[in-house]
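Residue numbers (the working numbering), protein chains in the order written: chain A, 13 to 335; chain U, 13 to 335. Where a beta carbon is used, it is the ideal one built from N, C-alpha and C, also for glycine. Note that this is a predicted model, so its numbers are computed, not measured.
Number of protein chains: 2
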Amino acid sequence: MSFLEKYQNIISQSINNFIPDGEPSELYEPMKYILHLGGKRLRPVILLMAYNLFREDIEKAIKPALGIEFFHNFSLIHDDIMDQAPLRRNKKTVHVKYNENTAILSGDALFVKSFQMLEDLEPSLFKPCFELFSKTALEVCEGQQYDMNFETRKEISFEEYIHMITGKTAVLCACAIKMGAIIAKTDKENSDNLYEFGKYLGIAFQLMDDYLDVFGNERMVGKKHAGDIYENKKTILFFLALKRGDEKQIEKLNYWFSIKDDSDTKVNEVINIFKELEVDKMCLELVDSYTNLAKEYLNKVKVSSEKKQSFFELIDYLLLRES
Amino acid sequence: MSFLEKYQNIISQSINNFIPDGEPSELYEPMKYILHLGGKRLRPVILLMAYNLFREDIEKAIKPALGIEFFHNFSLIHDDIMDQAPLRRNKKTVHVKYNENTAILSGDALFVKSFQMLEDLEPSLFKPCFELFSKTALEVCEGQQYDMNFETRKEISFEEYIHMITGKTAVLCACAIKMGAIIAKTDKENSDNLYEFGKYLGIAFQLMDDYLDVFGNERMVGKKHAGDIYENKKTILFFLALKRGDEKQIEKLNYWFSIKDDSDTKVNEVINIFKELEVDKMCLELVDSYTNLAKEYLNKVKVSSEKKQSFFELIDYLLLRES
């Protein structure tokens, strides 16, 4: 998928050029470490793609795109502490490689750096971009808190789950896309429609992630097959199953999600219940319906279909993936 | 000291009006908790005082002043986790009252809120204020990392210690004062001189804090007498003593600062060495010389002596205190 690679290359190159650096090295090394772990760089890529819907001269949008990527990595550093996650992209997480204090503090510093990446924008662009970014950052914190709350709550409604992933994942996609549009100086209607597009794309993407963790191709990189089940992570599959299961199935599910068990038995039992209740199919239907919502908003954007083609290709790439 | 109280009342009232609030409550409660612990509110107060050097209509400067106070409290939440501090102003620290994850995350959210408090400023003021604030925030992170590094390093020079407290304490005072000046739209020369004034005031204040912890009046609120010695916290007194002590004294100091001992013996032994080496006197001389530097810069500010009187009174209040 060459257009995606083109953007990814721009981002990788720019990360090298603008990587946070300074003294004391104990503060900056962890930032460099996580930013060099790689990843698909989707969030900065969609910012550049949104900018390119309206303008060609991409230069101006690059540092803000990196700001989004820095912010995403800051949130990964702190989330990994909270989740006590040992691995990130098959490498040690920051708090494991260094220590927890360093992870808290270099996360904070990377957070500052992410906002600083907007500082080259002219004042009239800087302010709306900052306001969008800070509002989003707060929603991401709220989403993460909901996610932590859900660990100890028994019943979570479908709406509550969608609200949580909207904060934790979708709003940052929406923010990235809208910021690209703002920097390209398109009108409010276009940038608002692109925000909604990004939000529904983000929700669909996260639901697909939940699905693929359990039902995806096992050749995945950086994640264990059904890792969410091993780790008792309650995803949309779990909540759909709770809603549809009979008493016995619910009891079984609650049992398996309350114990630590690294054997295959647990995963197989849980997957069987998921399949009996057809939550795999339901999840894919949800992905479809959020994707359609996303497309509706993309269609509303007043720019040629030709220009929008790359976003339609991106949707297929993200949502027809097998891992 | 009635003028100080006047400003403190404005800040307390405004904190009540603009206290962060929202859902989920687990995220917002800890922010409210720490912001209601009180304190002298010096940082927002000096922002308002700096604004009042040039203009009377204080309204515009209040939310940015709260932003500085929010940021200060965010840094306290995260620092207290890193230092494993049980108490803050005689009350439980956030990570003890709630838990560490909540403290990390509500700290992050309060950090966002602190920057958002600038958002009412017009774009041409917003950008320079944000740039000053973000640069300061990064320096505060750097200062905290140096502080953590010093815990395990044997020799720290006087210059390194001053550099550390400049980051950890002084630049936020400098930032607060300069921001007040920027919002009042004075010229660059004035706001730069006020920055230097705030920085040296902050250094003098921190050195006085180090002094008072050990040699201050014991009727202090919220702190244990010589708490720094009990907690093996290496302050300017320790580093001055290391520089001036003979082999035997240095050995003793290093011994006492390497063990946990809650008896009076440790504190008395350490205080004796400090007194033998006259580091208490040296510390007060340092406070004096940084205070004089601060006054020099304050004198340079092009505004009537009458207007500056409140700052001179503040200096006396902060640096002639006994606790």
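What separation, rounded to the nearest whole angstrom, lies between the Cα atoms of A:Q20 and A:G34? Sequence index remark: in the first sequence, residue 20 of chain A carries index 8 (1-based). Sequence index remark: in the first sequence, residue 34 of chain A carries index 22 (1-based). One C-alpha to the other measures close to 26 Å.
What separation, rounded to the nearest whole angstrom, lies between the Cα atoms of U:Q321 and U:E151? Here residue 321 of chain U refers to the residue found at position 309 of the second sequence. Here residue 151 of chain U refers to the residue found at position 139 of the second sequence. One C-alpha to the other measures close to 30 Å.
Residues, ordered as in the chain, of the stretch 155 to 174 of chain U that lie near chain A by beta-carbon distance below 8 Å: Those would be Q156, Q157, Y158, M160, N161, in chain order.
Taking beta-carbon pairs under 8 Å, can you tell me which members of the stretch 234 to 264 of chain A lie near chain U? none
With a threshold of 16 other CB atoms inside 10 Å of the CB of A:E154, please say whether the residue is buried or exposed. As a first step, residue 154 of chain A is located in the first sequence; it is residue number 142 there, counting from the start. So A:E154 ends up on the buried side.
In angstroms with no decimal places, state the Cα-to-Cα distance between U:S203 and U:M61. Here residue 203 of chain U refers to the residue found at position 191 when the second sequence is read from its first residue. Here residue 61 of chain U refers to the residue found at position 49 when the second sequence is read from its first residue. Taking the straight line joining both Cα atoms gives about 13 Å.
Same chain, Cβ closer than 6 Å to A:M294, five either side skipped, listed in chain order: The count along the first sequence starts at 1 and reaches residue 294 of chain A at position 282. Only L252 meet the Cβ criterion.
Quick check on DSSP: helix, strand or coil for U:V233? For the purposes of this step, residue 233 of chain U is taken as the residue at position 221 of the second sequence. For U:V233, the predicted model reports a pLDDT of 44, less than 50, meaning its position is unreliable and no value from the coordinates is stated.
Other residues of its chain near U:F11: CB distance less than 6 Å, five sequence neighbours each side excluded: No answer is possible for residue 11 of chain U: the residues shown for chain U start at 13 and end at 335.
Run down chain A in chain order and give the residues with a C-beta less than 8 Å from the C-beta of U:V124. Numbered from its first residue, the second sequence carries residue 124 of chain U at position 112. Per Cβ cutoff of 8 Å: S146, A149, L150, C153.
Out of curiosity, what's the CA-to-CA distance linking U:D225 and U:P135? What you label residue 225 of chain U is simply residue 213 of the second sequence in a count that begins at 1. What you label residue 135 of chain U is simply residue 123 of the second sequence in a count that begins at 1. Approximately 43 Å between the Cα atoms of the pair.
With a 10 Å radius around its C-beta and 16 neighbouring C-beta atoms as the bar for buried, classify U:P56 as buried or exposed. In the second sequence, the residue the question calls residue 56 of chain U occupies position 44. U:P56 should be labelled buried.
Local Cβ density within 10 Å of A:N311, reported as buried at 16 or more and exposed below that: In the first sequence, counting from the first residue as 1, residue 311 of chain A sits at position 299. That one is exposed.
Is U:A97 close to chain A, meaning its C-beta is less than 8 Å from at least one C-beta of that chain? Here the question's residue 97 of chain U lines up with position 85 in the second sequence. Contacts with chain A at 8 Å (Cβ-Cβ) do not include U:A97.
Counting only beta-carbon atoms, is A:E143 nearer than 8 Å to chain U? Position 131 of the first sequence, counted from the first residue, corresponds to residue 143 of chain A. So, interface residue.
Residues that U:L60 bridges to, as DSSP identifies them: Numbered from its first residue, the second sequence carries residue 60 of chain U at position 48. Answer is none; U:L60 lacks a bridge partner.
Would you mind giving the Cβ-Cβ distance between A:Y223 and A:V279, rounded to the nearest angstrom? I have them listed as a contact below 8 Å. As a first step, residue 223 of chain A is located in the first sequence; it is residue number 211 there, counting from the start. As a first step, residue 279 of chain A is located in the first sequence; it is residue number 267 there, counting from the start. The pair is not a contact, with the Cβ atoms about 15 Å apart (cut-off 8 Å).
For the candidate residues A:M176, A:G239, A:K200, whose alpha-carbon lies nearest to that of A:I215? Residue numbering aside, residue 215 of chain A sits at position 203 when the first sequence is read from its first letter. Looking at the Cα atoms, A:M176 is the closest of the given residues.
Neighbour list for A:H84 in chain U, Cβ cutoff strictly below 8 Å: By one-based count along the first sequence, residue 84 of chain A stands at place 72. Result: empty, since nearest Cβ-Cβ is about 14 Å, beyond 8 Å.
Contact between the stretch 180 to 190 of chain U and the stretch 78 to 88 of chain U is defined here as three or more beta-carbon pairs at a separation below 8 Å; is this criterion met? yes
Minimum Cβ-Cβ distance from U:H90 to chain A less than 8 Å: For the purposes of this step, residue 90 of chain U is taken as residue 78 along the second sequence, with counting starting at 1. Yes - at least one Cβ of chain A is within 8 Å of the one on U:H90.
Look up U:R55 in the DSSP assignment and say whether it is helix, strand or coil. Start at 1 with the first residue of the second sequence, and residue 55 of chain U comes out as number 43. Three-state result, U:R55: helix.
Taking U:F138 as the query, report the chain A residues whose CB atoms sit under 9 Å from its CB, ordered along the chain. For the purposes of this step, residue 138 of chain U is taken as residue 126 along the second sequence, with counting starting at 1. By Cβ distance, chain A contributes P135, F138, K139, F142.
Taking a contact to mean a Cβ-Cβ separation below 8 Å, would you say U:Q128 touches A:S87 in this structure? Locating residue 128 of chain U in the second sequence gives position 116, where the first residue counts as 1. Locating residue 87 of chain A in the first sequence gives position 75, where the first residue counts as 1. Not closer than 8 Å, so no.
Under 8 Å, do A:L122 and A:M43 count as touching if we go by C-beta distance? The count along the first sequence starts at 1 and reaches residue 122 of chain A at position 110. The count along the first sequence starts at 1 and reaches residue 43 of chain A at position 31. For A:L122 and A:M43, yes; Cβs fall inside 8 Å.
Could you tell me whether any Cβ in chain A is nearer than 8 Å to the Cβ of U:A121? Residue numbering aside, residue 121 of chain U sits at position 109 when the second sequence is read from its first letter. True, the Cβ-Cβ gap to chain A drops below 8 Å.
Between A:L117 and chain U, is the shortest Cβ-Cβ distance under 8 Å, so that the two count as touching? As a working note, residue 117 of chain A is residue 105 in the first sequence. Yes, A:L117 counts as interfacial toward chain U.
Where does the unbroken alpha helix (DSSP H) through A:P42 begin, and where does it stop? What you label residue 42 of chain A is simply residue 30 of the first sequence in a count that begins at 1. 37 to 47 is the extent of the alpha helix (DSSP H) around A:P42.
Do A:R67 and A:A238 have their C-beta atoms within less than 8 Å of each other? The sequence position of residue 67 of chain A within the first sequence is 55, counting from 1. The sequence position of residue 238 of chain A within the first sequence is 226, counting from 1. No, they are not a contact pair.
Distance between beta carbons of U:Y309 and U:E208, contact taken as under 8 Å: The count along the second sequence starts at 1 and reaches residue 208 of chain U at position 196. The count along the second sequence starts at 1 and reaches residue 309 of chain U at position 297. At roughly 4 Å, the Cβ-Cβ gap stays under 8 Å, so U:E208 and U:Y309 are in contact.
For a test of the three-state rule: what should DSSP assign to U:L254, helix, strand or coil? As a working note, residue 254 of chain U is residue 242 in the second sequence. Shown here, U:L254 sits in a helix according to DSSP, grouped into three states.
Quick one: using the 10 Å Cβ neighbour count with 16 as the cut-off for buried, is U:S126 buried or exposed? Position 114 of the second sequence, counted from the first residue, corresponds to residue 126 of chain U. Buried: at least 16 other Cβ atoms inside 10 Å.
Flag A:T277 as yes when its Cβ comes closer than 7 Å to any non-hydrogen atom of the ligand ATP, and as no otherwise. By its list of ligands, the structure shown contains no ligand whatsoever, and the ligand ATP lies outside what it can speak to.
Could you tell me which whole beta strand (DSSP E) segments of length 3 or greater appear in the stretch 122 to 186 of chain U? The stretch 122 to 186 of chain U contains no whole beta strand (DSSP E) run of 3 or more residues.
Where the alpha helix (DSSP H) through U:K264 begins and ends: Residue mapping note: residue 264 of chain U aligns to position 252 of the second sequence, counting from 1. U:K264 -> alpha helix (DSSP H) spans 259 to 268.
Just the C-alpha distance for U:L16 and U:K319, rounded to the nearest angstrom, thanks. Walking along the second sequence from the start, residue 16 of chain U turns up at place 4. Walking along the second sequence from the start, residue 319 of chain U turns up at place 307. The straight-line gap from Cα to Cα measures roughly 14 Å.
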